[in-house]
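Novice: Pasting a structure below so you can have a look.
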Ligand code: ADP
Ligand code: MG
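Numbering (this note's numbering), first residue to last: 782 to 1355.
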């Protein structure tokens, strides 16, 4: 791209001032502002359309980021995340904000939450740092407000850039804290396997959140910081923080028990989000979990396409097939079974299950019920009879919140009891009780777990077009992807945390079609997509640079594909 001078931008703005909004299209191009290059990549069609897409690139001889701020992948991702936050804050400081009609005057950038995620909003390398953001080109009514645009381009933006992208203007202590925090968490995540644990919860962690909708830490005099029981304590040495102690959740089967409202679900939620790194001050910076951990829940109403759920469910009424189970309207138990099988299909190594969001009949069938309803009339083999086999045969661990059934003591390796938000190791006591009061229920469902059947997605069943027109993919918040004419509901994916992940997944669903050749399995397809992203960044998902993508996992991409109601699959022959 040929670089114009910033004075050319000024001239164009003067020329098109007060003209119809479409004349803004003339701005497209790259402009040299001395300290940085401004790219106007996409110009919005009218003041009410989604805002224009811009980039700013500052050369490292001006930006001056020391190599150690991005010398490894952890640091690089954390630095990019940090700069996105600083840029966001400085928009608030230096931009006047909304003025005129529609999105006029707004400057915006992806706003990160409690997680430190790989984002497409900021890139950094030895040559330059680049920021991608949105700008609502200002209008009065439907005509160009050239004077206001000039103010945005020549006053506001330079101030934002100067205070966000030049290293010596930044608070280096806070920047390094961000980087060090992410690096420690990544380091710890790598250690988990050698330690024989699936999750680590550091002493002193603050687990509860401000509210159900506010994911910042609960700030209250009554907050109880996490204290690990002696018997489960593990010490680790981290590159930045040094020695840290905390609770290890061991491989195998762990129960989290305890009275209602004593903090069980809060602990499980923290473990579930330990697949991500958290910002300093979050309280869960050192709650770190195996990246192949999937939260499982019941999700009645979802569609299921040819999933082999026969490990859990067989002999449905009217001979309905459960080896290649299809439904447009799953029940609580069939949806929970399918959610497990689909996670295993993509390679999950740890399942997290909370009784609060489970189907009761999927979790337990007690002695009396076994007497009343014989096994030949009950299609469901409850999870209690499958969890050990799953661990023994496939090495898949489970962490379960279960306050309501002591029958689970028989299959547990560890029992953690939450009492007033403090964990206690009740493994021995639970064992004694299990010995003293023998469970009268009989194990059901055979001696082996059963097979995990891979499936092959058919590209033609994922159609992102709307009628004859172009590909149309959009998202609504965190939980909805509009894919062509279909709406994909993701509310059950509790490990999805950022709408920019949802946006990336929507485009990745379409991108993934190129690998659906009628031979590759869903697992191979999503793994190939993830490899492309690893090699060439989230940018692979879009033909032009997009600033509002965030990292997601293969599990969430597969889960979104699985929830598309038009999806057709073939089962892979065993
Ligand atoms: P349970 O699953 O055992 O019924 P929850 O995990 O839902 O309990 O927690 C109940 C309430 O206690 C929630 O409002 C939660 O925010 C709060 N809470 C959880 N852990 C703590 C803690 N460590 N300190 C203070 N409050 C907490
Ligand atoms: Mg609960």
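All residues carry an ideal CB built from backbone N, CA and C; glycine is no exception.
Could you spell out where the beta strand (DSSP E) holding residue 1267 opens and where it closes?
Specialist: Note, residue 1267: beta strand (DSSP E), 1267-1270.
Novice: Would you list the residues whose beta-carbon is nearer than 5 Å to any heavy atom of the ligand ADP, in the order they occur in the chain?
Specialist: Matched residues: 989, 1004, 1005, 1041, 1042, 1043, 1044, 1045, 1046, 1047, 1202.
Novice: Which residues does DSSP list as the beta-bridge partners of residue 813?
Specialist: Bridge partners of residue 813: 786, 818.
Novice: Between residue 979 and residue 1028, is the Cβ-Cβ spacing less than 8 Å?
Specialist: Cβ distance not < 8 Å, so residue 979 and residue 1028 don't count as in contact.
Novice: If you drop the 5 nearest sequence neighbours on each side, which residues of the same chain put their C-beta closer than 8 Å to that of residue 946?
Specialist: Closer than 8 Å at the Cβ level, and outside the excluded window around residue 946, lie 817, 837, 839, 844, 864, 868, 910, 912.
Novice: If you run the structure through DSSP and keep just helix, strand and coil, what is residue 1260?
Specialist: Residue state, collapsed to three classes: coil.
Novice: Taking DSSP as the reference, what is the three-state secondary structure of residue 1044?
Specialist: Coil at residue 1044, not helix or strand.
Novice: If you follow the alpha helix (DSSP H) that residue 1173 is in, where does it begin and where does it stop?
Specialist: Segment 1168-1175, the alpha helix (DSSP H) holding residue 1173.
Novice: Secondary structure at residue 852, three-state DSSP: helix, strand or coil?
Specialist: DSSP places residue 852 in coil when its eight states are reduced to three.
Novice: Report all residues from its chain with a CB closer than 6 Å to the CB of residue 1266; omit the five preceding and five following residues, and keep chain order.
Specialist: So the list reads 1247, once near-sequence residues are dropped.
Novice: Beta-carbon separation of residue 1278 and residue 896 under 8 Å?
Specialist: Result yes, Cβ atoms of residue 1278 and residue 896 sit closer than 8 Å.
Novice: For a test of the three-state rule: what should DSSP assign to residue 1039, helix, strand or coil?
Specialist: It is a strand residue.
Novice: Taking the continuous beta strand (DSSP E) assigned at residue 1203, which residues delimit it?
Specialist: Element bounds for residue 1203: 1203-1206.
Novice: Quick one: grab the DSSP three-state call for residue 975.
Specialist: Correct three-state label for residue 975: helix.
Novice: At which residues does the alpha helix (DSSP H) containing residue 1150 begin and terminate?
Specialist: Unbroken alpha helix (DSSP H) run through residue 1150: 1148-1153.
Novice: Alpha carbon to alpha carbon, how far is residue 971 from residue 1006? Give it in angstroms, no decimals.
Specialist: Taking the straight line from one Cα to the other gives about 25 Å.
Novice: Does the region 1092-1110 come close enough to the region 988-1000 that 3 or more CB-CB pairs lie under 8 Å?
Specialist: No, the region 988-1000 is not in contact with the region 1092-1110.
Novice: Using the rule of at least 16 other Cβ atoms within 10 Å of the residue's Cβ for burial, across every protein chain shown, is residue 1171 buried or exposed?
Specialist: With 16 or more Cβ atoms within 10 Å of its Cβ, residue 1171 is classed as buried.
Novice: How would you write the range of the beta strand (DSSP E) that residue 1200 sits in, first residue to last?
Specialist: Segment 1195-1200, the beta strand (DSSP E) holding residue 1200.
Novice: Report whether the distance from the Cβ of residue 1050 to the nearest heavy atom of the ligand NAP is below 7 Å.
Specialist: Only the ligand ADP and the ligand MG can be found as ligands here, which leaves the ligand NAP out of the picture.
Novice: Quick check on residue 874: buried or exposed, where buried means 16 or more other Cβ atoms within 10 Å of its Cβ?
Specialist: When all chains shown are included, residue 874 counts as exposed.
Novice: Less than 7 Å separating the Cβ of residue 1038 from some heavy atom of the ligand MG?
Specialist: No, since every heavy atom of the ligand MG falls outside the 7 Å radius drawn around the Cβ of residue 1038.
Novice: For residue 962, which option in 977, 1105, 900, 1025 has the closest C-alpha, if you only look at C-alpha atoms?
Specialist: For the residues 977, 1105, 900, 1025, the minimum Cα distance to residue 962 belongs to 1025.
Novice: Would you say residue 1310 touches the ligand MG, meaning its beta carbon is less than 7 Å from a heavy atom?
Specialist: Checking every heavy atom of the ligand MG against the Cβ of residue 1310, none is found closer than 7 Å.
Novice: Are residue 790 and residue 914 touching if we call contact CB-CB under 8 Å?
Specialist: Cβ distance not < 8 Å, so residue 790 and residue 914 don't count as in contact.
Novice: Would you call the CB atoms of residue 1294 and residue 1243 closer than 8 Å?
Specialist: Cβ atoms of residue 1294 and residue 1243: closer than 8 Å.
Novice: Please indicate yes or no: does the CB of residue 1182 lie closer than 7 Å to some heavy atom of the ligand MG?
Specialist: Answer for residue 1182: yes, Cβ within range of the ligand MG.
Novice: Helix, strand or coil, according to DSSP, for residue 1134 in the structure here?
Specialist: DSSP places residue 1134 in strand when its eight states are reduced to three.
Novice: Counting only the same chain and skipping the five closest in sequence on each side, list residues whose C-beta sits under 7 Å from that of residue 1203.
Specialist: So the qualifying residues of the chain are 1005, 1008.
Novice: Skipping 5 residues on each side, what residues in its chain have a beta carbon closer than 6 Å to that of residue 814?
Specialist: For residue 814, where only same-chain residues beyond five positions count, the Cβ hits under 6 Å are 787.
Novice: What do you reckon, is the C-beta of residue 807 under 7 Å from a heavy atom of the ligand MG?
Specialist: Every heavy atom of the ligand MG is 7 Å or more from the Cβ of residue 807, so no.
Novice: With which residues is residue 904 paired in a DSSP beta bridge?
Specialist: According to DSSP, residue 904 bridges with 911.
Novice: What separation, rounded to the nearest whole angstrom, lies between the Cα atoms of residue 1176 and residue 1046?
Specialist: Their Cα atoms are separated by approximately 24 Å.
Novice: Distance, Cα to Cα, residue 1167 vs residue 1040?
Specialist: Those two C-alpha atoms are separated by around 25 Å.
Novice: Does the Cβ-Cβ distance between residue 1082 and residue 1120 come in under 8 Å?
Specialist: Against a cut-off of 8 Å, the Cβ pair of residue 1120 and residue 1082 comes out as no contact.
Novice: Spatial neighbours of residue 1223 within its chain, please: CB distance less than 7 Å, with the 5 preceding and 5 following residues excluded, ordered by chain position.
Specialist: These residues qualify, in order along the chain: 1151.
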